[in-house]
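This note's numbering numbers the first residue of the sequence shown as 653 and each following residue consecutively. Ideal placement from N, C-alpha and C gives every residue a C-beta, glycine not left out. The next block holds one structure in the form of structure tokens; read it before the comments.
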Amino acid sequence: MSRQDIFKTTKKKIIGISFGIVLVSLLTLAMLTQVFYRARLFANVDRQLLTHRNMILNEKIIKGKGEHKEVILPAPLTPDIISFVWKDGEVVDESPHVYFGEGKYPSFPSEETEGIITLDSDGYYYRGVSFIKEGLVVQLLLNVDAELQSVQQLVRATWLSLLILLLVTFGLATYLANKVLKPIRRAYDQQVFFVQDASHEMRTPLAVIKGQLELLSRHRTDQIEEHFEELAQVMNEVHALEKLNSDLLFLSKEDVGTHLNVEKIELNQFIEEISEFYEDISEIQDKRFILEKSEVLQSTWVEWDRVKVKRCLTILLENAFKYTLECGVITLKVEQENKKIKISVKDTGIGIKDEDQKRIFDRFFRSSDVRGRSIDGSGIGLSLLQSLANTMNIEIKITSEYGKGSCFTLEIPIQIKA
Ligand SMILES: Nc1ncnc2c1ncn2[C@@H]1O[C@H](COP(=O)(O)OP(=O)(O)OP(=O)(O)O)[C@@H](O)[C@H]1O
Ligand SMILES: [Mg+2]
């Protein structure tokens, strides 16, 4: 899947999932609101009908004797209740109403209903109950058109709000998906560039090795010592590749975030160990190496990840030696300031141009000067230093003057948090 496709489908998925979640939640909410609203509306109507039914059941409704017998229902609590009293299929009493025309009556499914039911007649809607009292069928009804209309209005309003909310959700989900994907897209691109740069850096040493080996293969009968220079160059390039490989591996591990192995270290001894090696190097390379440390450090203990802090210092010292010409001076200075140890590596080397200073921590960046002078290196050292510094909360400061020299300072907390 190409980069474009991955991000397109991921974006679609994020939008789809958020949209789906909101849609289902809103639909459930809308349905529940309607059901509860409807139930509450009818509950009031039903209560009035049931109260009136109970009043009728508790009273005698056939009053008078013989010829003068007549049906008299108790007065309802609300005049809106319509009543019909049937005897032998004929209406013997009905309350005044405006709903049923001449000869028209509500059609209940049975003479006795199970609780209250909804009926419709001529486009009007009613809640009604039918029961038998003293051999007569009594039907009570209440028109619920107003209630149904308000339910319909609620339904319309709910759908409209649902539509608006869904449009807003769609917009928000798109915005969020873009925002969420932005850092991922950047990290993804960085990885791609990293791999491209790494393979590009490997191309030159590989080309040299290939060229020299091809040359050697044409002189199969020659003695080895006759081609010592070519072999030495091949060895050099293999070393360079080896270093690049181990730096890349270290860097990728730092990126993933390895854990710190913090231990108590006697600072003085730690610095001495590192300096000893560079004293030897300075002799070989005909440069001066100076170690400056305050007396206080004699008894200073720090809590550091030994391997990683050492790696930071060697990256700086390696650069200082590499970018300082013969007879130059490299100074390693260690001092304590509050709760930090300041270690600076200063050189009287080639210096770094102002415009390059911002870029030297970028992976694979090497100044054109350095490339021009064909000084070995792949431009990973300082980016590795930056990753290490981030993990250990170390601050890096740099001052440099082109043609005069550079000074890199590390401010390391006395206690690095693991
Ligand atoms: N002390 C220094 N003096 C002058 N230039 C420097 C110094 N340190 C770093 N630079 C510049 O910064 C660039 C990046 O340094 P970095 O250590 O990352 O890579 P490198 O030394 O070129 O290669 P390597 O990965 O082998 O360390 C160098 O190529 C060089 O141009
Ligand atoms: Mg370097």
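Query, Result
"So what's Y609 in DSSP terms, helix, strand or just coil?", "It is not possible to answer for residue 609, since the shown part of the chain is limited to 653 through 1070."
"List the endpoints of the continuous beta strand (DSSP E) containing F941.", "940 to 945"
"When the Cα atoms are used, what is the spatial distance from D1008 to E987?", "28 angstroms"
"So is F688 buried or exposed if we call it buried at 16+ other beta carbons inside 10 Å?", "exposed"
"Using only the alpha-carbon positions, how far apart do E925 and L893 sit?", "27 angstroms"
"Cα-Cα, which of Q791, Y1054, D774, F822 is closest to V744?", "Q791"
"Suppose the cutoff is 8 angstroms on Cβ atoms and the five residues either side in sequence are ignored; what does the same chain contact list for E955 look like?", "V914, E915, K916, I917, I1066, Q1067, I1068"
"Taking contact to mean 3 or more Cβ pairs, one atom from each stretch, closer than 8 angstroms, check whether the segment 804 to 820 and the segment 669 to 686 are in contact.", "yes"
"Taking DSSP as the reference, what is the three-state secondary structure of V796?", "coil"
"Taking 7 angstroms as the cut-off, is the C-beta of I967 nearer than that to any heavy atom in ligand 2?", "yes"
"Would you mind stating whether H704 and L684 have Cβ atoms separated by less than 8 angstroms?", "no"
"Go through its chain and collect everything with a Cβ distance to G668's Cβ below 6 angstroms, but skip five positions before and after it.", "none"
"Is the Cβ-Cβ distance between K960 and L900 less than 8 angstroms?", "no"
"Compute the minimum distance between the beta carbon of G980 and the heavy atoms of ligand 1, and state whether it is under 7 angstroms.", "no"
"Pair every Cβ in the segment 732 to 740 with every Cβ in the segment 776 to 794, then say whether three or more of these pairs are closer than 8 angstroms.", "yes"
"Work out the CA separation of R963 and F902 for me, nearest whole Å.", "10 angstroms"
"Could you spell out where the alpha helix (DSSP H) holding D1021 opens and where it closes?", "1020 to 1024"
"Name the DSSP bridge partner or partners of Q791?", "F736, S782"
"Could you tell me the boundaries of the beta strand (DSSP E) in which Q988 lies?", "981 to 989"
"Just tell me which of I733, K756, I734, V750 has its CA closest to the CA of E742.", "K756"
"How many angstroms separate the CA atom of G1057 from the CA atom of G980?", "9 angstroms"
"So, at 7 angstroms on beta carbons, what are the nonlocal neighbours of D1021 in its own chain, with the 5 sequence-adjacent residues on each side left out?", "I1002"
"Let's test the definition: count the other Cβ atoms within 10 Å of the Cβ of I1046 and tell me whether it reaches 16, buried, or not, exposed.", "buried"
"Sort out for me which residues DSSP pairs F1060 with in a bridge.", "V997, I1050"
"With a 10 Å radius around its C-beta and 16 neighbouring C-beta atoms as the bar for buried, classify F880 as buried or exposed.", "exposed"
"Tell me the rounded alpha-carbon separation between F846 and N897.", "13 angstroms"
"Go ahead and label V844 buried or exposed: buried means 16 or more other beta carbons lie within 10 angstroms of its beta carbon, across all protein chains shown.", "exposed"
"Is it the case that the Cβ atoms of K994 and C1059 are separated by a distance below 8 angstroms?", "no"
"Who does D957 pair with in a DSSP beta bridge?", "V914"
"Measuring alpha carbon to alpha carbon, tell me which of L968, L984, M1044, D797 ends up nearest F1013.", "L968"
"Where do the N-terminal and C-terminal ends of the beta strand (DSSP E) with I769 fall, by residue?", "769 to 773"
"Is S851 near ligand 1, in the sense that its beta carbon is under 7 angstroms from a heavy atom of that ligand?", "no"
"I need the DSSP call for K663, collapsed to helix, strand or coil.", "helix"
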